[in-house]
Every structure is written in C-alpha cells, then in structure tokens.
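Protein chains: 2
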Amino acid sequence: MTNRFAEIAALAGEPGRAQMLHALLDGRALTANELAAVAGVSPPTASGHLSRTVKAGLLDVVAQGRHRYFRLSGPAVAEMMEAIMKVASAQPQAKASLTVGPKDRALRRARTCYDHLAGALGVALADALTAADHVELTEEAEILTEAGLDFLARIGLDVAPLQARQTRGSGRILCRPCLDWSERRPHLAGALGAALCSHSLEAGWVRRLSGTRALEVTRAGERAFKESFGLRL
Amino acid sequence: MTNRFAEIAALAGEPGRAQMLHALLDGRALTANELAAVAGVSPPTASGHLSRTVKAGLLDVVAQGRHRYFRLSGPAVAEMMEAIMKVASAQPQAKASLTVGPKDRALRRARTCYDHLAGALGVALADALTAADHVELTEEAEILTEAGLDFLARIGLDVAPLQARQTRGSGRILCRPCLDWSERRPHLAGALGAALCSHSLEAGWVRRLSGTRALEVTRAGERAFKESFGLRL
DNA sequence: ACATCGGTTCGGTCCTTGCCGAAACTTTTG
DNA sequence: CAAAAGTTTCGGCAAGGACCGAACCGATGT
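As structure tokens, this is what we get:
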C-alpha cells in the first residue's frame, strides 16, 4: 500500500509532470504535444511521462485520429491535487515569489478548478450567495436553501441534477466547499459549483482563455453577475 | 506555485519518507531514530529526510532532551495523504499483492487515521450509527441527528465540542466522511470521528499497538461496542 | 503513392538524490 | 568529569530517472 502511495506522489512530484497535471486540472483533455509544451520538455520526454502516468491510473487517454488526448482519470485526482496545493500554499513562511506575472494575475482573478469556478470570481460568487442566504457555507458542507433553489431556477440554471442529492431539513446538502489557494477562502465546489460553472460558460458569462485555466469575464457576464448576484468586479 | 506543489508531492513520493509519514499519520510524535527504523534506513539518511520535510512544512519538530520528536504539522497534511491514498487505492487493476502479512491484517481490522477510527472497526461503527439513524452519511457530509446526540451523551461521550458546529434543520453537520482505503467505504472522520476515537481510547475500548497505527479492541471494548452499537466483531 | 504530422521507441548522457560510514556535537547518565 | 546515547554534518559512491536526438510507426491529406 505504502509503495503505491509513494508511486502516486512521486508521479505528481516531478516538475514536468506536475505542470502537465495542472494543465489538465480543468478537466479538459489535451494532446501529448500540447502537454509537452506546457511542461517545457521535448515530445519524447513528455511521452514517457504520460505513459507512466496513464499506467498508474492518474490519467486517461483516448486516441482520436492521429492525436491522443489525455485527461485526469476522475475527480479523485483533482481532489488530491487540491489537497496537495492546500499544503503547498501553507505558511512555510516568507518563501520566494508571491504572485508576479500577468498570467498569474489572470489565474488569480478567475479560473476553473476541475469542474467549478475559482479565484477571486469564485470566492466572490460564494460570498454573494452566502450573503443572500441562498447557500450556507460551513467548514465541512455547503447547503442550498429553498430560496437559493428558486434563485438558481430564476437565473436559468438547471437545478434538476441538484435534486438528486440528499435532502435534509429545509436545505439540500450539495458538497464540500473547496479552499481557494489564491484567495485562501472557500468557494463553491461540488454539484452546485459544477452547475454554476458550466452554466456560466454556456450563458457566455465567462470565456476560457486559450492555453490556461484562466477565465475572462465577458461584458454579458459582468452584467449578469452584477444584476443577479450583486457583484461588482 | 506549481514548483512548490511538485516539491511537496516529491517529498511524499520517496518510499522512505512515505513510510515515515505513514507512521506519523496517527498524529503522534516519533523520534528520529524510530522513524529511521520504520523507513528502514540509517539514522543519517533519516535525518536528512526529516530536515527537508520539516523545512518544507510537512512536519513539525520539537526537541526534548536528547530526542527530537517529529509529527505531522497539521490536519491538512493528513488530509493530503488520505487524498493520495484514495487515488492510490483506485482500480489500476489487478496489480500486485493484495494484503498479506499479519501486521497488515491488524491494520485492516482497526487503526487510527490521524484523529479518528478506521479499518473494519471504523466502517462498522459508521454503519451501525447509520442504521440506528444516529447519523446520516451522504457522499459529501455527515449529519448527527438529535437521536444521535442523545445516544452519544448516553454512552458518556462529551458532545460539547460538537455543539460548536453549524446547526441545520434538525441535525448537526459535522464533517465530511472519509473514505477508508482498506474497506473502500466511508467511515466517520471530522469532529465526531475524533471525539469517538479519543473516547474509545480513554474508555479503554481500544488500545494502541506499539509501533503501528493498528488498534486492539479490548474485552471491555467488545462488550461496549456490542451493547451500545450492536456490533459483533 | 508520397509527404506530412503527431506520437512513441530506442540508445546514450548527465544530473539528482538516496544511501552509508566516519566523525562531530549535544545532552543525559554514571 | 567521563562515557553513552541521540542526532546531525561531511564525503563519497552508486543507481535511478529525466532528458534529448534519431529513427520508427500509424493516420491524414494531397
């Protein structure tokens, strides 16, 4: 058991592979060459990394024509990465570079985190929903109130998949919150977070910036977030 | 950011260090030589590993006389390890050795997992409490019912610290459940799990087996678990 | 059919790092 | 004050593995 533990951790512990994993953290599938580019290594090297990672079960691969698309094998991998990030972003104090870089700034503003929204945007949305009593956030769980359910339906979000979860008292328990590594505060993850994220993309409120997990808030998005959530970015 | 991510993961990804971390997973503090023994390396080698691990913030060290005691720096590290184990125990199918070893068997029967009970015992307790409607376990949260609160008070468990958490409807949301890597089913973690674990130790229901995280259920424990929880081990 | 492109396999180099023994340092014990 | 125990530092060795260039393979497109 402890061998396999070490194997998994070591796989994630090599800088090149770590960058590949991070590039896949938004749940999309990338090709081998794209991953080689993000890791800054040659295609042969990347290929070796990828085959090991697939064999170990961290990644899935699907061949499509002459491309091979790699993606995280499931949410458990993303959760593991978040848990590592949580430790990594802890205090070991006054270490090197805080932030820097425009790319980093974009990521801190808004990004996807596997299947939900993160960064300043994700935290702001969580705060807004909390303030309006649409959700309650505890350290361990996240509850959607009746009012919240109405609210989501009103803004055009399909709440049907959320019904499947456990009902308790007057609210629905949806998921654990997810600690945002850049903001150090919880944002909405789980079923609700995923629904909110996909809806925001479909409605054109946010748009993926090519090549990163960063998101851009569109004009329509600014308006929608302001009117529906009372957010000003 | 991704550098530090890789640093942390790599630290956990070396077999010797991984074994040390596992030995510390029950939250106790061990000396450098003890850790050298569990990792199967010489004291100098272990010392090197430990100093790196401490500098990275995974472990805390406290000097006491001529001993230096190392322990996990906090719950975040334990949670990270559990997340890695979750991935590690996933399907990458039909791999090598399942189980084996009497030491391993003891661990599978009952052990501590940072601050709560795990293994067959942990899962059985979770099942028993669920069956009696004392807790409700969902995928994402764990709710203590009023009946459960009464029950715990009746068996002498101090429920005061549990009161601090969020109240919702008729139950208390305590924590996320924790997937047991040997049983592949959820057991009780979080505040309730910790309380139940420490109470079981204090009441003499279980006893730590020296040198491992494994636990032994005492005669008194067998009786208590049977009478209070309806468990037969 | 041929050229091109994405990807993997092979062979070989180089660097990292895990490892130990010897020795030094510190604190406890006799 | 000397001896012993716990731990760290130093020096050197050896193995693992990350890397690249070249060659190879299969799919696509002309």
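So the sequence lines, in the order shown, correspond to chains W and S.
According to our numbering, the residues represented by the first sequence are 183 to 415, in order.
According to our numbering, the residues represented by the second sequence are 183 to 415, in order.
In this text, a Cβ means the ideal position worked out from N, Cα and C, and glycines have one as well.
What residues of chain S sit near residue i, judged by a beta carbon separation below 8 Å?
i        : result
W:GLN246 : Correct list: empty, because the minimum Cβ distance to chain S is about 23 Å.
W:SER377 : The sequence given here has Ala at residue 377 of chain W, not Ser. Here the premise fails: no neighbours, minimum Cβ distance about 14 Å.
W:THR184 : PRO197, ALA200, GLN201 and HIS204
W:GLU261 : ALA265 and LYS268
What span of residues does the alpha helix (DSSP H) with residue i cover, start to end?
i        : result
S:THR312 : 301 to 313
W:VAL388 : Taken as a continuous stretch (DSSP letters only), W:VAL388 belongs to no alpha helix (DSSP H), being part of the beta strand (DSSP E) at 388 to 390.
S:LEU232 : 225 to 237
W:ALA272 : Where W:ALA272 is concerned, there is no enclosing alpha helix (DSSP H), given that its DSSP letter is neither H nor E.
S:LEU217 : 214 to 221
Helix, strand or coil for residue i, going by three-state DSSP, please let me know.
i        : result
W:THR184 : helix
W:LEU339 : coil
S:ARG248 : coil
W:GLU189 : helix
S:THR459 : Summary: the structure shown does not reach residue 459 of chain S, with chain S confined to residues 183 through 415, and so no result is reported for it.
S:ASP362 : coil
W:PRO197 : helix
W:ARG405 : helix
S:ARG210 : coil
W:ARG253 : strand
W:LEU240 : coil
S:SER279 : Here the model assigns S:SER279 a pLDDT of 47, short of 50, so the residue's position is not dependable, and the following value carries that caveat. Note: S:SER279 maps to coil in three-state DSSP.
W:ALA329 : helix
W:ARG414 : coil
Do you know whose CA, among the options, lies nearest residue i's CA?
i        : options                                   : result
W:ARG405 : W:TRP387, W:ARG395 and W:GLU398           : W:TRP387
S:PHE252 : S:ALA258, S:ALA314, S:LEU289 and S:GLY239 : S:GLY239
S:GLU398 : S:LEU206, S:THR294 and S:ALA310           : S:THR294
S:LEU334 : S:GLY256, S:MET267 and S:HIS316           : S:HIS316
S:ALA308 : S:GLY375, S:GLU264 and S:ARG290           : S:GLY375
W:THR394 : W:ALA188, W:ARG186, W:CYS379 and W:ALA205 : W:ALA205
W:LEU311 : W:TYR296, W:LEU378 and W:GLU264           : W:LEU378
W:ALA329 : W:THR400, W:ALA314, W:ARG248 and W:LEU299 : W:ALA314
S:LEU339 : S:SER380, S:LEU319 and S:ALA300           : S:SER380
S:SER382 : S:ASP332, S:GLU365 and S:ALA300           : S:ALA300
W:VAL269 : S:LEU254, S:ALA219 and S:GLY372           : S:LEU254
S:ARG421 : S:GLU365, S:ARG234 and S:ALA221           : With chain S covering 183 to 415 only, the question about residue 421 of chain S has no answer from this structure.
W:LEU232 : W:ALA396, W:ARG367, W:VAL305 and W:ARG199 : W:ARG199
W:HIS369 : W:GLY222, W:GLU196, W:ALA302 and W:ARG336 : W:ALA302
W:THR235 : W:ILE266, W:ALA272, W:ARG186 and W:GLY222 : W:ARG186
W:ALA211 : W:GLU324, W:GLY403, W:LEU331 and W:TYR296 : W:TYR296
W:GLY372 : W:ASP332, W:ALA396, W:LEU319 and W:ALA245 : W:LEU319
W:MET262 : W:ALA402, W:ALA396, W:GLY403 and W:ALA191 : W:ALA191
W:ALA396 : W:MET267, W:HIS298, W:ARG367 and W:GLU324 : W:HIS298
W:VAL138 : W:ALA194, W:GLY222 and W:ALA214           : Not covered by the structure: residue 138 of chain W. The range shown for chain W is 183 to 415.
S:VAL220 : S:GLN201, S:THR213, S:LYS237 and S:ASP208 : S:GLN201
S:LEU391 : S:ARG291, S:ARG414, S:THR327 and S:ASP332 : S:ARG291
S:MET267 : S:GLY247, S:LEU217 and S:LEU207           : S:LEU207
Run down chain S in chain order and give the residues with a C-beta less than 9 Å from the C-beta of residue i.
i        : result
W:GLY195 : PHE187, ALA188, GLU189, ILE190, ALA191, ALA192, LEU193, ALA194, GLY195 and GLU196
W:ALA218 : Result: empty, since nearest Cβ-Cβ is about 16 Å, beyond 9 Å.
On the DSSP letters alone, give me the boundaries of the beta strand (DSSP E) that residue i sits inside.
i        : result
S:LEU383 : Where S:LEU383 is concerned, there is no enclosing beta strand (DSSP E), although the alpha helix (DSSP H) it sits in stretches over 372 to 384.
S:LEU326 : 324 to 326
W:GLU318 : 317 to 319
W:LEU397 : 397 to 399
Along chain W, which residues have their Cβ under 7 Å away from the Cβ of residue i?
i        : result
S:MET267 : PHE187
Cβ-heavy atom distance between residue i and the ligand COA below 8 Å?
i        : result
S:THR312 : Ligands are entirely absent from the displayed structure, and the ligand COA is therefore not among its contents.
Going along chain S in order, which residues have a C-beta closer than 7 Å to the C-beta of residue i?
i        : result
W:ALA451 : Since the first residue shown for chain W is 183 and the last is 415, residue 451 of chain W is missing from the structure and cannot be characterised.
Do the stretch 219 to 239 of chain S and the stretch 405 to 414 of chain W make contact, defined as three or more Cβ pairs closer than 8 Å? no
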